[in-house]
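Enquirer: My structure is below; once you've seen it, I'll send some questions.
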Amino acid sequence: MRRILTVLAAAVVLGAALAGCGGSDGGAITVFTREDGSGTRSAFVEIVGIVENGNDNIYREAVVTPGTSVMMTNVAENPLGIGYASTGVALGDGRVKVLPIDGVFPTAENMLNGTYAIQRPFIIAYGSQAGLTVLARDFVDFIFSAQGQAVVAGRNYVPFVPTGAPEYTAGGLSGTVVVNGSSSVYDLMGYLSAAYRELNPNVRIDIHGAGTGHGINAVRDGLADIAMSSRDLRDSELTFLTPMVIAIDGIAVIVHPDNGVTGLTLDAVRDVFLGEVKEWDGVR
Amino acid sequence: MGRRTLVAWKKVCNREFVAKVIFIVSASAAVLAVGLICVFLLVQGLPAMWDIGIVSFLTGTDWRPTWTPPLFGILPMILGSLYVTVGAVFFGVPVGIFAAVFMARFCPPYLYKVLKPAVNLLAGIPSVVYGYFGMVVLVPFVRGHIGGNGNSILTASILLGMMILPTIITISESAIRAVPEEIYEGAVALGASHERAVFFTVLPAAKSGVFAAVILGIGRAVGETMAVRMVAGNQAVLRMPHEILSGTRTLTANVVIELGYAADEHRQALIATGVVLFVFIMGINIAFSMLKKKDGL
């Protein structure tokens, strides 16, 4: 502990020396983004309009947070931060404040009627050639059953099959299903698998939230049964994957709970994430 | 020689032979592993470097892997790794060496009983825990008391400085303890105080071990990934040395953040990043052995 304090003391001394050239700026926005390749990021930049000639043009000084959980923690710790994350995760996490966009809050209703603009499908996909194993097929059937979609609705996501989904009955199967992909879909998949395993205690479901691209590669290489994606699949991916939409999810724009801002326009969100507005005063 | 003795003799021979093979295989496992990694990196990474152009790969300042056409310039990451490593040395080495001197020569036994396990524990903490600590303690601290948004070169340097402490302390301490007692006693006999004897005779006598500790610490700092990517900001933007309150991306972070998503050329470019990292580490090791030779240590 003494050494840690010494290190910190050294940092303070160094920091004081640097204060002149560094800059302790009061209201400068800290922009947090997800990494290149993240499904949430590519959906976000496309919908908000941060794409120029098909190229992702997000603010270069934006802090890159690998994974949804790192994003949440960073925004929760930074009073001047702004970031974005799956609404299912963001609304369930009391550490951050979800902002209405153009006055519209990302509720299930607003996403279904389309007034909340920043939304994308949650997709699961399997290898078109290999198909699904009997066990994986059973799990997918559960996801699209009344019970499965009830789990989706109960967790701040919008079910894709709102009514009329068939009842699921357990077949007493056993074995392991490997699921990999989007860290945004990860949470929902966890809830689904927990509900599924209550009915099928002998089935193990291994879920990895390594990112959309990672999951797609894993299915391609035969390392996973099911890929999770938080964006529409690309044409090159559709050549070997069969996708299914399991839910609609919004992307919430999130800030620290102490941040005074009460809402943003979609244009303001774009300006912030393009780096054209750098101060909170510029959007308030 | 009777038949029975002959059979017994053959058995021994066989056993010896088998044992020999086992030992040779064990001994070459490490060499083989290095060789395989070398081959893998070069086969996968060099063609990519060639396609991108070695010069534009190494000196390019733009990293835009998802653009069409993509840009693969890793100079920001090379400098990023350099900055956080130098920073880690700045914070970690003085503290580590002084701590080692204290533990070897000044520490009362009751305190040593606490310090030693504490240092060992520090070494055993997984780097992701360091990363989380950095994210919720160091980042807000730097943002609040020093400046910038907290996700910066400085924060990563402080965190890495902490992470290399156990390596530096442990190896320096054993190096200091390995110095013959006569050297210390001789100095004291000549009238040096305890402090003077330790700092001007014992510590210089242990310098090869201390250097080894620093080099290993640097190796750990260059290679550290999980913790750094959680606090460093990860912007692939070229930084100048005075911009230590801005974020940076290290070579390791670049690989680990994007490898899961990468395909084709992007993936190869990341493996080529690994080649550069490998050359870095080799350079450190070569510098170390040259230093050793020159000093006759």
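Chains as they are written, first to last, in the working numbering: chain A, 1 to 284; chain B, 1001 to 1297. A virtual CB, placed ideally from N, CA and C, is assigned to each residue, including glycine.
Against chain A, does B/P1319 count as a neighbour if the rule is that its beta carbon must be under 8 Å from one of theirs?
Expert: Missing from the structure shown is residue 1319 of chain B; chain B here goes from 1001 to 1297 and no further.
Enquirer: Is B/V1237 helix, strand or coil when you go by DSSP?
Expert: Correct three-state label for B/V1237: coil.
Enquirer: So, with DSSP's three-state summary, where would you put A/R220?
Expert: In this structure, A/R220 counts as helix in the three-state DSSP scheme.
Enquirer: My output table needs one value for A/H208: the three-state DSSP class, helix, strand or coil.
Expert: Three-state DSSP puts A/H208 in a strand.
Enquirer: Report the three-state DSSP secondary structure of B/Y1110 (helix, strand or coil).
Expert: Residue state, collapsed to three classes: helix.
Enquirer: With DSSP collapsed to three states, give me the class of B/T1248.
Expert: Residue state, collapsed to three classes: strand.
Enquirer: At which residues does the alpha helix (DSSP H) containing B/V1055 begin and terminate?
Expert: From DSSP, the alpha helix (DSSP H) with B/V1055 extends over I1054 to T1059.
Enquirer: Using a Cβ-Cβ cut-off of less than 8 Å, give me the residues of the region 243 to 265 of chain A that come near chain B, in sequence order.
Expert: Listed by position, the residues of the region 243 to 265 of chain A near chain B (Cβ gap below 8 Å) amount to none.
Enquirer: A/R60 versus chain B: which residues are under 9 Å apart at the beta carbon?
Expert: The contacting residues are Q1235, A1236 and V1237.
Enquirer: I need the straight-line Cα distance from A/A268 to A/V185, nearest angstrom please.
Expert: If you take the alpha carbons of A/A268 and A/V185, they lie about 27 Å apart.
Enquirer: For a cutoff of 8 Å on Cβ pairs, would you count B/F1230 as touching chain A?
Expert: Note that residue 1230 of chain B is Met in the sequence shown here, rather than Phe. Judged by the 8 Å Cβ criterion, B/M1230 is in contact with chain A.
Enquirer: Select from A/T30, A/D36 and A/V31 the residue whose C-alpha is nearest the C-alpha of B/E1258.
Expert: That would be A/D36, whose Cα lies nearest to the Cα of B/E1258.
Enquirer: Out of curiosity, what's the CA-to-CA distance linking B/V1093 and B/T1085?
Expert: Each residue's Cα considered, the two are about 11 Å apart.
Enquirer: Are the Cβ atoms of A/R270 and A/V31 separated by less than 8 Å?
Expert: Going by C-beta atoms, A/R270 is not nearer than 8 Å to A/V31.
Enquirer: Since A/V253 is in the beta strand (DSSP E), which residue starts that stretch and which ends it?
Expert: Counting along the chain, the beta strand (DSSP E) containing A/V253 begins and ends at L241 to V255.
Enquirer: Classify B/N1120: buried if its beta carbon has 16 or more other beta carbons within 10 angstroms, exposed otherwise.
Expert: It is exposed - the Cβ of B/N1120 has fewer than 16 other Cβ atoms within 10 Å.
Enquirer: How many angstroms separate the CA atom of B/I1244 from the CA atom of B/F1091?
Expert: B/I1244 and B/F1091: Cα-Cα distance of roughly 14 Å.
Enquirer: From the DSSP secondary-structure annotation, give me the bridge partner or partners of A/D56.
Expert: Paired residue(s): A/V51.
Enquirer: Taking 8 Å as the cut-off, decide whether the C-beta atoms of A/N110 and A/H256 are in contact.
Expert: Against a cut-off of 8 Å, the Cβ pair of A/H256 and A/N110 comes out as no contact.
Enquirer: Taking only beta-carbon atoms, is B/V1214 less than 8 Å away from chain A?
Expert: Taking Cβ atoms only, chain A never reaches closer than 8 Å to B/V1214, which makes this a no.
Enquirer: Look up B/W1067 in the DSSP assignment and say whether it is helix, strand or coil.
Expert: Coil at B/W1067, not helix or strand.
Enquirer: Given that a residue counts as buried once 16 or more other Cβ atoms are within 10 Å of its Cβ, and exposed if not, what is A/G94?
Expert: When all chains shown are included, A/G94 counts as exposed.
Enquirer: To the nearest whole angstrom, what separates the beta carbons of A/F122 and A/D249, a pair I think is in contact under 8 Å?
Expert: Yes, they are in contact, since the Cβ atoms of A/F122 and A/D249 sit about 5 Å apart, within 8 Å.
Enquirer: To the nearest angstrom, how far is the alpha carbon of B/L1006 from that of B/S1026?
Expert: Taking the straight line from one Cα to the other gives about 30 Å.
Enquirer: Rounded to whole angstroms, what is the Cα-Cα separation between A/R220 and A/L241?
Expert: Their backbone Cα atoms lie some 8 Å apart in a straight line.
Enquirer: Leaving out five residues on either side along the sequence, give the residues of the same chain with a beta carbon under 8 Å from the beta carbon of A/A136.
Expert: Cβ within range, chain order: Y126, V177, D225 and I226.
Enquirer: Grab me the residues of A/T115's own chain with a C-beta within less than 7 Å of its C-beta, minus the 5 sequence neighbours each way, in chain order.
Expert: These residues qualify, in order along the chain: V104.
Enquirer: What residue does the beta strand (DSSP E) around A/F122 start on, and which one ends it?
Expert: From DSSP, the beta strand (DSSP E) with A/F122 extends over Q119 to G127.
Enquirer: Tell me which residues of the region 27 to 53 of chain A have at least one Cβ-Cβ distance to chain B shorter than 7 Å, keeping chain order.
Expert: Listed by position, the residues of the region 27 to 53 of chain A near chain B (Cβ gap below 7 Å) are T30, E35, D36 and G37.
Enquirer: Count the other C-beta atoms from every protein chain shown that fall within 10 angstroms of the C-beta of A/W280, then say buried if there are 16 or more, exposed otherwise.
Expert: That one is buried.
Enquirer: Find the residues of chain D that neighbour B/A1263, judging by a C-beta separation of less than 8 Å, and give them in chain order.
Expert: Any reference to chain D falls outside this structure, whose protein chains are A and B.
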